[in-house]
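Residue numbers (mature numbering (1 follows the signal peptide of the UniProt record, and there is no 0)): -24 to -1, 1 to 169.
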């Protein structure tokens, strides 16, 4: 009986060590990890890179920095930006984007008690924000358009994606899609909103 109890503990320990080793091999689990990528691999039409996420407003002003830096949400937003732009980018053009700041929708409010410190509270006073530089070039490499944009969607709870959407980045992605749609339909007067 004792032997099987010890064997069960050994198997549990081996399983935990194997899981920890597998987790370490899957890559960075923190957006601020120095080994984490700072750009997506080039797809030829849209290049997206980003500044050090440790300097993003999401990290600097978070009520829970540890929770804010978890995961790969920067890469997910960059990937979404590339896909969204690639769908609307006119043939022969190239878009290069450098994300300089991100502040996700919602905020951690640890003052509500220990059970709420890991919960992102989404309210209209915490809108998503995204800043980036971009350069749009033609097939010959000539600059068609370039600039800096600071996107803020103050009405994100009224005009954004459905509340039944469970994607934690749905508000940021909707804001990116809105800019891309305006930028590449020719209505550049409102693309910087």
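Backbone N, C-alpha and C define an ideal beta-carbon position, used for all residues, glycine too.
Here the structure is a predicted model, which is why all the values come from computation and not from measurement.
Residue i, buried or exposed, once every other Cβ within 10 Å from all chains shown has been counted against 16
{"i": "residue 28", "result": "exposed"}
{"i": "residue 45", "result": "buried"}
{"i": "residue 66", "result": "exposed"}
{"i": "residue 34", "result": "buried"}
{"i": "residue 91", "result": "exposed"}
DSSP-derived helix/strand/coil call for residue i
{"i": "residue 50", "result": "helix"}
{"i": "residue 132", "result": "helix"}
{"i": "residue 62", "result": "helix"}
{"i": "residue 27", "result": "coil"}
{"i": "residue 15", "result": "strand"}
Inter-residue CB distance, residue i and residue j (contact presumed, cutoff 8 Å)
{"i": "residue 106", "j": "residue 122", "result": "At roughly 17 Å, the Cβ-Cβ gap does not stay under 8 Å, so residue 106 and residue 122 are not in contact."}
{"i": "residue 71", "j": "residue 22", "result": "5 Å"}
{"i": "residue 36", "j": "residue 26", "result": "Not quite, the Cβ-Cβ distance comes to about 15 Å (not below 8 Å), so this is no contact."}
Paired residues, beta bridge with residue i - DSSP
{"i": "residue 109", "result": "74, 124"}
{"i": "residue 6", "result": "46"}
{"i": "residue 22", "result": "71"}
{"i": "residue 97", "result": "83"}
Any non-hydrogen atom of the ligand NAP closer than 8 Å to residue i Cβ
{"i": "residue 80", "result": "Ligands in the displayed structure: none, and consequently the ligand NAP is not present."}
Beta-carbon proximity check, residue i vs residue j, cutoff 9 Å
{"i": "residue 30", "j": "residue 51", "result": "no"}
{"i": "residue 172", "j": "residue 117", "result": "Here the chain has residues from -24 to 169 only, and residue 172 is not among them."}
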